[in-house]
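S.K.: For the sequence shown, this note's numbering begins at 597 and goes up steadily by one.
Glycine included, C-beta positions come from ideal geometry on N, C-alpha and C.
Please find one structure pasted underneath; my questions will follow.
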Amino acid sequence: ETRATLQEARDLDRDIAEVDAALRQAEESLRFNPRVREGLLNRVVLRTGLDTLEICTVVLRVLARTFTDLARVRESEDTAALFEPRAARAVENLLAQVADAIVSFSVLVTHPVSESAEAAEDR
């Protein structure tokens, strides 16, 4: 199971690269299309949001790698569980909260910028 999780974490890198390429292409299209007035704020928010999510994927990949290595050590020690039950619940709770935070951040970053933010950008 830990190896599958590590592979999923590695797959996130490919997803981030695809989104990065699509965002770069969209930025280029906006730059060369004078009819589209897309606020700089929108582009900055999307770019910095993607950068933040990329950092999150690195952290998740490191955690997955650490858990995979720990599982390998525990297998060689004939230890049944990766963590003691109390620690396992704490790690599970922590990772669930991290996942919720990442989803919330993604929604926040991709939500359309409010009119007041656009007005502030115009000033």
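Under the assumption that residue 668 contacts residue 606 (Cβ atoms under 8 Å), give the Cβ distance between them as a whole number of angstroms.
M.R.: Walking along the sequence shown from the start, residue 668 turns up at place 72. Walking along the sequence shown from the start, residue 606 turns up at place 10. With a Cβ gap of about 17 Å, residue 668 and residue 606 do not count as contacting.
S.K.: Contact between the segment 612 to 627 and the segment 639 to 646: three or more CB pairs below 8 Å?
M.R.: Contact holds: three or more Cβ-Cβ distances are below 8 Å.
S.K.: In the structure shown, what three-state DSSP assignment does residue 689 receive?
M.R.: Reading the sequence shown from its first residue, position 93 is the one you call residue 689. Residue 689 falls in the helix class under three-state DSSP.
S.K.: Kindly indicate which three-state DSSP category residue 716 falls into: helix, strand or coil?
M.R.: Sequence index remark: in the sequence shown, residue 716 carries index 120 (1-based). Because the pLDDT of residue 716 is 45, which lies under 50, any placement of that residue in the model is unreliable, and the number read from its coordinates should be weighed accordingly. Of the three classes helix, strand and coil, the one that applies to residue 716 here is helix, per DSSP.
S.K.: When DSSP labels each residue in this structure, what does residue 629 get in the three-state scheme?
M.R.: Locating residue 629 in the sequence shown gives position 33, counting from the first residue. Correct three-state label for residue 629: coil.
S.K.: What is the DSSP secondary structure of residue 624, counted as helix, strand or coil?
M.R.: Numbered from its first residue, the sequence shown carries residue 624 at position 28. Three-state DSSP puts residue 624 in a helix.
S.K.: Among 602, 642, 661 and 603, which one has its Cα closest to the Cα of residue 621?
M.R.: As a first step, residue 621 must be located in the sequence shown, where it is residue number 25. If we check each option's Cα against that of residue 621, 642 comes out closest.
S.K.: Tell me which same chain residues have a C-beta within less than 7 Å of the C-beta of residue 705, skipping the five on either side of it?
M.R.: Position 109 of the sequence shown, counted from the start, is the residue given in the question as residue 705. The residues are 641, 642 and 645.
S.K.: Can you tell me whether residue 701 is helix, strand or coil according to DSSP?
M.R.: Residue numbering aside, residue 701 sits at position 105 when the sequence shown is read from its first letter. Three-state result, residue 701: helix.
S.K.: From residue 680 to residue 670, what does the alpha carbon distance come to, in whole angstroms?
M.R.: Here residue 680 is taken as the residue at index 84 of the sequence shown, counted from 1. Here residue 670 is taken as the residue at index 74 of the sequence shown, counted from 1. Roughly 12 Å separates the two Cα atoms.
S.K.: Would you kindly work out how many angstroms separate the C-alpha atoms of residue 623 and residue 702, rounded to a whole number?
M.R.: By one-based count along the sequence shown, residue 623 stands at place 27. By one-based count along the sequence shown, residue 702 stands at place 106. Their backbone Cα atoms lie some 19 Å apart in a straight line.
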